[in-house]
Each structure stands twice: as C-alpha cells, then as structure tokens.
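Novice: One structure coming up, written as structure tokens, with questions to follow.
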C-alpha cells in the first residue's frame, strides 16, 4: 500500500503504559512493515478538548530584600478569563481556586445543554404537529379537487349527450326532408302543440322501454357472471382442501419419521451412557483398590514413624535427666562461689556503663557543635554568594549570555536557601491594571531589591524579563492561553529533527484556538511529511507538550490524531 491513514485516540487502553490525553501509546493490531527510506508520515487532523486551564499549576515568584532572606509567593492555579481575577489572586483578595476550576462554568454548560435539549424537543414536537397539519390540509385539498373533478365530468358528459341528441334529431329531420317525408314544423296552435306533446311522450315511453330492456339484459349478465364466479370459488376451495389434505399427510409422515429418528438416537444415547457407566464403575473400582493400597502403605509408614518417635522421646528424656543432674551440680558450685564474685562484677558493669554514656554524650556534643559550625559556615558561604549574585542581578550585566548565567546562579543559590513561603505578597507588593496590563508597585522600595518571577509566571503576566527591579507595568498583555498557547506534537516513529539547539522527534506544531469547554477540531492545511525512523512499527507513542516541555494537563476529554503515511515516488 502506497498511501494509508491511521487514527490514534487516547482513550485506547494500554496495560504496559498509563495513557493520558497528552501522553499515550497505541499498540497497533498488526505490525507495519515499511521501507525506511521510502515512507514519510505527517499529522493531518487533531481533535482535542479545551479543558486545560491557562494556569495549570501553582506558579511562583520571589521577593528579594536588602537585609533578609527572600520570600516565596505562590500564584494559584485556575482558569482565568478576566484580568480582574488575576489582580485579585495576586493581591490575595480571593480564595485559592482549584485546578479543576470553574464549577460555575460547568454548571452553565450543563444548563445550556439541558435548555438546548428541551428546545430541540419542543422544535421536534412543533415540526411534527406542522407536518400532521400540512398532511391533513393536503388530504382535504385533494378530496375537494376530486369532488370538483367528478362534478365537472358529469356536467361535461350531460352537455355532450344533449348535443349528440340534438344533432341526431337534426340529421333525422334532414333525411326525412330529402326523402319527401313531412318535416316537423313547430306548431303554431294548440292542436299542433298537443300532437307534438303526444309524440314526445311516445318517444320517452319508447326510451324508457329500451332502458328497462337494457337493465334486464345487464341484470341477466350479472347473474350469469355471479354464478360463474361462485362455481370458480367452489372449485378453488376444493383444490385448496385437497392440497391441504396432501400437505397434512406429508407432515404426518415427516413427524413419524422424525419420531423414529429420535427414538433410534435415544437408544444409541442410552447404550452410550450404559457403556460410560460401566467404565466409570470399573474406574471407581480400580481407584478404590489403589486407595486401599495407599492407606495400607500409610498405616505401615505411620507405625514405623511412631516407633521411631517413641525411641527419640526416650532418648530425649534420658538426656534431660542427665542435664538436670549436671545443672544441679553447677548450681551448688555457683551458690558456693556467688558471694566472692557478685559484688566485683556489679562494680565493673556500672563503671563500664558510665564510661560508655559519657563517651556517647561527649561525641554527641562534638557532632552537634561540628554540625552547627558547618551549617553556619555553609550559611555564611551561601549568604556571601547570594549577596554577590543579587548585586550582579540588580546591576544587570550588559552581555545577554552573562545575564542569563547570573540568573541561573541566582536560581541555584536560592534553591539552597531557606525561604519563607506565603500565599500572597500583598504585604510587600500591590498589583493593579494599567491599560489592560498588569502593573506592579513596590510598597517599600527602600527594602525591596527586586522581584524574581518564575519563567512561566512572567510569561503569563506579560513580563519579558523574569527580574523586575522597580514599580512598572508589564510590556505585554496577559496571555489567557497561559503556558499552552501552542501544542507541540512529538511522535516516536519519526527521525529526530533540529529544534532550536537540540534534536527532537517533533512531528508538528499546532496553534491553540477556541474557548474553554469546547472540543477543538484542527485540520492542518499543509501537512509536513517527515521520514520514519524504523522499517517495523508495532506501536506509536505521541506526546502533546507545551512550549515549556510540560505535558498538557487536560482536565476532561480525550484527544484524537490522524496520521497519513505516504510512499515517496
């Protein structure tokens, strides 16, 4: 196959690896055998939940003073959507929110879904009622159209009959005139009108007689047809009855054959069971004989063992009696020598114990003094180095690399020092909003040297430098995506590529979009194809990391990736 896709959902279980939405291993149902130098792979689609908070863990910053040790302040993890929430958290005005923040948002989402489902129900009911009403209206219109068509048809037929009758009368009059017969001329007096009336009545009587004869003819034809239909129905009923009798006879024969077959099968089964019973009886008899032989052997073995135990018991009893005699003699000797040895031994033991206790106390004092002195020296050395580094950071070296090294030294030394951890720095700092950006204000600038932010904390708050030396406003706005403004997708089946100053198996870089609570579907318009690392692939591991190389902390939902394997032509 030159071209195929593989879908990798994080919800697939793996007994050898604890899969999460950001790190998971998928064991393929079949091993892929691909030529290493002829296949490339790329990610084409990714579906992931926007369930990570923009501050996924507690962030830290440190306040460095002139004459005392630094203070460590923690910034709570939460989903922040407004700058006022961040300001309140920095100033310690709100309680710490849990990482799985927004219960209010979850409630609103559930309420919206519930309202949506109710609205959908009402919409479906309304649509159904509208459909029923439209169908009823359509049936009514069809019925009215049908009745109107019947009325018009009857009217047309009546007009056609009248026209045909008038035409026939005119033709007859013309024919009589051509033959010299008298032509009926409308009467001009009462006598002529009477004759015309009689003639018309005679014609109507003739027509009525013709209609009666036609009706009788039709009735006779209908009776003949009914008689024929009745005869056909009688013949069909007789045919069906004969067929049913034949089928019943066939079914009865089949039942008899099936009963005979079952009886033969039952006899064979009974014979088989009887043979099995005989075999089981023989097997049980053989087992009983073997059990009797085993019981007899065990009885003989137990008898032999009991005999040996009896001999051993007698031997032990004799040894105990001999020991009692020896112990009695020794106790008599000890009682005789006890007054001469007991007091000196007690004095020696007490002296040795006192000497050991004094030695332990003296060694403990020496160790404590040495530890205190060593700790004091370590504190002095760390303090000297800390003061030196703090001054270097405060002066800020011009060279960029030197400045980075100084900040790294500060981080290492600070980790060795004892710091006071607090939940809010509002005793020393005040945060506020200036032009939709975070502004920091030193309450006592004479005592504070600078504030050191953790890199991810500085990034989130909009500070470009992790060191803030005076009251100022952050150069950038808050990043409400926090430490996950971009998803870095790593995959273990590709050859490492150069990423910055190192080589990693980075498959793709995916921008974050959407809002918290949504499922994001991102299709990569121009996938980047990379060569595979091995010719045999039986499992695929993927990782979704932030730009700080931290796993994305999805609070709910699963991720889905689609990989496209393509053969190089």
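Numbering (our numbering), first residue to last: 102 to 670.
Beta carbons: idealized from backbone N, C-alpha and C, even for Gly.
For clarity, every value in this text was computed on a predicted model and none was experimentally measured.
1) Residue 633 to residue 504, Cα distance in whole Å?
2) Mark residue 469 as exposed unless 16 or more other C-beta atoms lie within 10 angstroms of its C-beta, in which case mark it buried.
3) Rounded to whole angstroms, how far is the Cβ of residue 549 from the Cβ of residue 529, which I believe are closer than 8 Å?
4) For residue 180, is the classification buried or exposed, using 16 other Cβ atoms within 10 angstroms of its Cβ as the cut-off for buried?
5) Among all the DSSP beta bridges, which residues are the ones paired with residue 611?
6) Three-state secondary structure (DSSP) at residue 554?
7) Hey, quick one: how far does the beta strand (DSSP E) through residue 504 stretch, first residue to last?
8) Once you ignore the five residues that flank residue 640 on each side, which residues in its own chain have a CB closer than 8 Å to its CB?
9) How many angstroms separate the CA atom of residue 533 from the CA atom of residue 552?
10) For residue 472, which of helix, strand or coil comes out of DSSP?
11) Beta carbon of residue 662, beta carbon of residue 147: below 8 Å?
12) Out of curiosity, what's the CA-to-CA distance linking residue 112 and residue 657?
13) Using CA coordinates, which residue listed in 624, 333, 389 and 457 is at the minimum distance from residue 143?
14) What ranges does the beta strand (DSSP E) occupy inside the stretch 342-420, keeping only unbroken runs of at least 3 residues that lie completely in it?
15) Between residue 141 and residue 667, which are expected to be in contact by the criterion C-beta below 8 Å, what is the C-beta distance as a whole number of angstroms?
16) Alpha carbon to alpha carbon, how far is residue 621 from residue 151?
17) Considering only their Cβ atoms, is the gap separating residue 568 from residue 494 smaller than 8 Å?
18) Would you report the Cα separation of residue 106 and residue 581, rounded to the nearest angstrom?
19) In whole angstroms, what separates the C-alpha of residue 118 from that of residue 638?
20) What span of residues does the alpha helix (DSSP H) with residue 669 cover, start to end?
21) Taking Cβ to Cβ, would you say residue 643 is nearer than 8 Å to residue 109?
22) Rounded to whole angstroms, what's the CA-CA distance from residue 395 to residue 403? Just pull it up for me.
23) When the Cα atoms are used, what is the spatial distance from residue 192 to residue 619?
24) Which term fits residue 272, buried or exposed, when burial requires 16 or more other beta carbons within 10 angstroms of its beta carbon?
25) Which value, in whole angstroms, describes the spacing of the CA atoms of residue 645 and residue 586?
Specialist: Quick answer:
1) 40 Å
2) exposed
3) 6 Å
4) buried
5) 588
6) strand
7) No beta strand (DSSP E) contains residue 504, which is instead part of the alpha helix (DSSP H) from 501-517.
8) 126, 127, 128 and 129
9) 16 Å
10) helix
11) yes
12) 11 Å
13) 624
14) none
15) 6 Å
16) 7 Å
17) yes
18) 34 Å
19) 17 Å
20) Careful: residue 669 lies outside any alpha helix (DSSP H) and carries neither H nor E.
21) yes
22) 12 Å
23) 31 Å
24) exposed
25) 12 Å
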